[in-house]
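Colleague:
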């Protein structure tokens, strides 16, 4: 930013609420926000409350250690620190949605959902109401302020760390109040750890968390079995012949190869993959890898970062966190579920699961995102999986 | 900065700091027989005598502990174990539901692990236990009661209990009654001998003494089973090498708190009344917690519920203005929960989420009250905007 004299104007001092998970990234992000001159307050979100009893005065919380780590980091940085209980909102908007999506045979991304509904909705709204200007997180992504005052979301400078995919659901209003201090520096994770060490943050050596935060033991299948029960169903081939049984269709993901427990090999001897999950009759259809090739898809709930496109355009698309980019032609369209997005892949892609998010990029810029509803396979026989 | 959280901890008195630092250098274990030990023991025993004099007890009734929490646990668990050992029928514990967690959780633990049958004494909307209610509960079957525990003054809403009347009923039936008097000392008259109590908890850092020291005043006929076994210090009830500097400073603080009590209560009560008036003027629908009659509450305590607000939001907004207070109930993970005290008084759980406790102390000034008067209205308005999440 420049003023009329051309001299750089000082960055405005903002009141910033730093979401601190107890991990190293969000701690360094908060420290950098302080260093940039902002008035920063730390907040840890208590997202998974245990059933609570009168006996303990109802103070159960399964993230006590993370909460303490976050508090310790805030103390070292020298900022006020609070714990906000958003467990009920999280349960409703993220956990129940996660279970319901699997129950419907889809594969959701709860981190995306949390950014959309919790961090940049429930948390942001409360922060704004309390007089904060922005919410700061440790995500690796970049917000670019254009000359016309609008904001764009771009990939992180370091592509290897980029997390713009899980932020693809943010609209411009949310971006206007988002701050990602880690996104615009080409720092590796090792350098972030070194920076944390230099700043005296004890979380410097804390291991990364990769798992779904509300499934502490990492056993997603077990979690789903507890919530949805088990119900034996058939594993079928593409022609409807029974090949084996499973304990519940929701336990599978399109493109999955392992854990199918089919006794006898395919006639051609090639490995078989999950092609389709049908929760209605509790069947899982498997077939050769070639049958996984998707040439087009239909996605619902599109969210645009900036002005929505009016016609077809060429973009690159990312279909899962840490996934690669693939060229597409995409076009907004009306549909039975309201606004939709039609996407055609330039080259067929494999392992596209309904429920996942597709994020469209123009270069490094995030254009928008949508939730995959149905895919179109290359083979004419296996036309459209589901609607 | 307006520090209005003296019920959490209050600054050490300069005289106590002086007494403590004077003892940090010299060597001496108060249990040793040589000269250094005798010097240390003399300091400890003089401190014990001063504590006893300040609290209306005999020196031999002062059992020094690591603080209020240990004293509460010693009284509740120790008396339960000893009474049950003497007569296995004694497993009933009568307790108020508005106790501090140091008592509350100890009672729950006895119920969960030691077969205690807990009877929660009813409290009114001010959090007060009525003597008739206690008498009724006792007369039901006096022989099966292990102990009674009802705090002297509530740490959240400041309500005073009719301790003498309650203890008289307990004494009539020969049942030991314990009172947590941590918040009462220095604010209201506390005389252990006149109280008829069997045991009473006091703490150092709430009255201008150091952290990490407290005492259980214990009538001489009571011998609770120890929590800590070891060298047999403190009447064989509480082992552990005595903290000589802390005892010296605690004694000075207790002597000054007792000596200045009347004047302090008058002045701090007037300041508190001004704070209550200011908050009510700025936020007309604020609900005062505890007894509206100043005679029925701690003079330094003001407690409010603000409809439609999250207490945490208010805390954050006031903290940003340099005003330090409390929601009244804290927890280890930092997640605010409606206070068990307010719920016990029948407060609507939603209203109970928006509470603030202002507790004044010896460093409080009119300027602190003015700061609250200026900040509370806008803070409540903003917190209402953020709503209840």
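Protein chains in written order, with this note's numbering: chain S, 429 to 815; chain E, 4 to 392.
Virtual Cβ for every residue (Gly too), placed ideally from N, Cα, C.
1) Measuring only between beta-carbons, confirm whether residue 805 of chain S sits less than 7 Å from chain E.
2) Using the C-alpha atoms, what's the distance from residue 736 of chain S back to residue 743 of chain S?
3) For the segment 184 to 197 of chain E against the segment 310 to 327 of chain E, do three or more pairs of beta-carbon atoms, one drawn from each stretch, fall closer than 8 Å, so that the two count as touching?
4) Taking residue 689 of chain S as part of the beta strand (DSSP E), name the residues at either end of that continuous run.
5) Is it buried or exposed for residue 76 of chain E, if we count other Cβ within 10 angstroms and need 16 for buried?
6) Out of curiosity, what's the CA-to-CA distance linking residue 462 of chain S and residue 468 of chain S?
7) Following the continuous beta strand (DSSP E) through residue 154 of chain E, name the residue where it begins and the one where it ends.
8) So the candidates are S:561, S:633, S:716 and S:689; which of them puts its Cα closest to the Cα of residue 701 of chain S?
9) Reducing DSSP to helix, strand and coil, say where residue 513 of chain S ends up.
10) What residues in its chain sit with their C-beta under 8 Å from that of residue 672 of chain S, if we drop five residues either side in the sequence?
11) From the DSSP output, which residues share a beta bridge with residue 642 of chain S?
12) Do the CB positions of residue 623 of chain S and residue 723 of chain S come within less than 7 Å of each other?
13) Identify, in the order they occur along the chain, each residue of the same chain with its Cβ nearer than 6 Å to the Cβ of residue 4 of chain E, setting aside the five sequence neighbours on each side.
14) Tell me whether residue 330 of chain E sits in a helix, a strand or coil according to DSSP, three-state version.
15) DSSP beta-bridge partners for residue 583 of chain S?
16) Suppose the cutoff is 8 Å on Cβ atoms and the five residues either side in sequence are ignored; what does the same chain contact list for residue 51 of chain E look like?
17) Using the beta-carbon of each residue, which ones in chain E are nearer than 8 Å to residue 508 of chain S?
18) In angstroms, rounded to a whole number, what distance separates the CA positions of residue 145 of chain E and residue 112 of chain E?
19) So what's residue 122 of chain E in DSSP terms, helix, strand or just coil?
20) For residue 363 of chain E, which residues of its own chain have a beta-carbon under 7 Å away from its beta-carbon, when the five flanking residues on both sides are left out?
21) Find the nearest neighbour of residue 709 of chain S within the set S:676, S:634, S:686 and S:732, judged by alpha-carbon distance.
22) Would residue 36 of chain E be called buried (16 or more neighbouring beta carbons within 10 Å of its own) or exposed?
23) Mark residue 30 of chain E as exposed unless 16 or more other C-beta atoms lie within 10 angstroms of its C-beta, in which case mark it buried.
24) Consider the Cβ of residue 316 of chain E: report whether some Cβ of chain S lies at a distance smaller than 7 Å.
25) In angstroms, rounded to a whole number, what distance separates the CA positions of residue 74 of chain E and residue 204 of chain E?
26) Can you find the residues in the same chain that come closer than 6 Å, C-beta to C-beta, to residue 774 of chain S, ignoring five residues on each side of it along the sequence?
27) Please report the straight-line C-alpha distance between residue 152 of chain E and residue 370 of chain E, rounded to a whole angstrom.
28) Can you find a C-beta in chain E that's less than 7 Å from the C-beta of residue 557 of chain S?
29) Can you give me, in chain order, the residues of the segment 122 to 153 of chain E that have a beta carbon less than 9 Å from any beta carbon in chain S?
30) Identify the continuous alpha helix (DSSP H) that holds residue 76 of chain E and give its terminal residues.
31) Taking the beta carbon of residue 97 of chain E as the centre, do at least 16 other beta carbons fall within 10 Å, making it buried, or is it exposed?
32) Per DSSP, which residues does residue 798 of chain S bridge with? Please list them.
33) Determine the DSSP secondary structure at residue 1 of chain E, reduced to helix, strand or coil.
34) Indicate the three-state DSSP secondary structure (helix, strand or coil) for residue 179 of chain E in the structure shown.
35) Taking the C-alpha atoms as reference points, what is the distance between residue 137 of chain E and residue 565 of chain S?
36) Exposed or buried, residue 24 of chain E, counting other C-beta atoms within 10 Å across all chains shown (16 or more means buried)?
Modeller: Taking the geometry as given:
1) no
2) Roughly 14 Å separates the two Cα atoms.
3) Taking a contact to require three or more Cβ pairs closer than 8 Å, the segment 184 to 197 of chain E and the segment 310 to 327 of chain E do not qualify as touching.
4) Going by DSSP, residue 689 of chain S is part of no beta strand (DSSP E) at all; its letter is neither H nor E.
5) buried
6) 6 Å
7) Residue 154 of chain E -> no beta strand (DSSP E), and no H or E assigned at all.
8) S:716
9) strand
10) Hits under 8 Å: 662, 663, 688, 689, 690 and 691.
11) Per DSSP, none; premise fails for residue 642 of chain S.
12) Not closer than 7 Å, so no.
13) 325
14) coil
15) S:569
16) Only 62, 65, 67, 250 and 254 meet the Cβ criterion.
17) 319, 322 and 323
18) 22 Å
19) In the structure shown, residue 122 of chain E sits in a strand (DSSP, three-state: E or B).
20) 7, 9, 271, 274, 275 and 303
21) S:676
22) exposed
23) So residue 30 of chain E ends up on the exposed side.
24) yes
25) Each residue's alpha carbon lies about 6 Å from the other.
26) 755
27) 39 Å
28) yes
29) none
30) 71 to 76
31) buried
32) S:786
33) Residue 1 of chain E lies beyond the stretch modelled for chain E, which goes from 4 to 392, so this question has no answer here.
34) coil
35) 54 Å
36) exposed
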